[in-house]
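Residue numbers (full-length UniProt numbering): 1 to 208.
Every residue gets a Cβ at the ideal spot worked out from N, C-alpha and C, and that includes glycine.
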């Protein structure tokens, strides 16, 4: 589990396509400080498993399903990424519950002088996004300031803009979105008490 508090801004240094898996090598001096083989690290909000370590770089394997469902499709060396280690059991809970399971991709639209930043997002996620609620954008725990059926806005402070990828996004850039998992559990539990048309009570989420 993660909290959506980015520890450092890393960089993809190598992309190695393979048979059924793409291998990414990511530089991150902070997150590699105590990392071990098999540890989980969130890379732009995607929970990935460390398969190799070398100095201040770690390697992860990304399967086609993950590429298809996230903004990693077409990733190239030099891309900056938000990094967070899995939360320690005795750690301070500073953000919100983030699983690293991407629900969909959105699009960075614009940012004004006050830091109000707008994103387009898939309409099927609209029922989970509420004003003053939590959402993870590229792994960053953020509070929704405004929301419509297909757009939402976040008021970003200068520290977030400087310390994460959101200060570097250009209009049209894809971002990974993870809605608040508590909303999905509430929906699932409430489904039996609601008309069938009101809630899609399908199967569980696939791993992202």
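*Between the Cα of residue 47 and the Cα atoms of 144, 82, 134 and 106, which residue gives the shortest distance?*
Looking only at 144, 82, 134 and 106, the smallest Cα-Cα distance to residue 47 is reached by 82.
*asked:* For residue 203, count the other beta carbons within 10 Å of its own beta carbon; 16 or more makes it buried, fewer makes it exposed. Which is it?
replied: The predicted position of residue 203 is uncertain, since its pLDDT is 39 and thus under 50; a value taken from the coordinates is nonetheless stated next. That one is exposed.
*How is the beta strand (DSSP E) around residue 17 delimited, first residue to last?*
Where residue 17 is concerned, the enclosing beta strand (DSSP E) stretches over 8-17.
*Under the three-state DSSP convention, the category residue 204 falls into*: The predicted position of residue 204 is uncertain, since its pLDDT is 38 and thus under 50; no value can be drawn from it.
_Going by beta-carbon coordinates alone, are residue 29 and residue 61 separated by less than 8 Å?_
Result no, Cβ atoms of residue 29 and residue 61 do not sit closer than 8 Å.
_What does the alpha-carbon distance come out to for the pair residue 21 and residue 87?_
In this structure, the CA atom of residue 21 is about 27 Å from the CA atom of residue 87.
*Less than 8 Å separating the beta-carbons of residue 50 and residue 128?*
No. Outside cutoff.
*Boundaries (first-last residue) of the beta strand (DSSP E) holding residue 174*: Here the beta strand (DSSP E) through residue 174 covers 174-179.
*Excluding five sequence neighbours on each side, which residues of the same chain lie with their C-beta closer than 6 Å to the C-beta of residue 79?*
Excluding its 5 nearest sequence neighbours in each direction, residue 79 has C-beta neighbours in its own chain below 6 Å: 12, listed in chain order.
*Hey, out of 136, 116 and 98, whose CA is closest to residue 105's CA?*
Checked all of 136, 116 and 98; the closest Cα to residue 105 is 136.
*Within the same chain, show all residues whose beta-carbon is closer than 7 Å to that of residue 91, passing over the 5 residues directly before and after it, in chain order.*
The answer is none, since no qualifying residue turns up.
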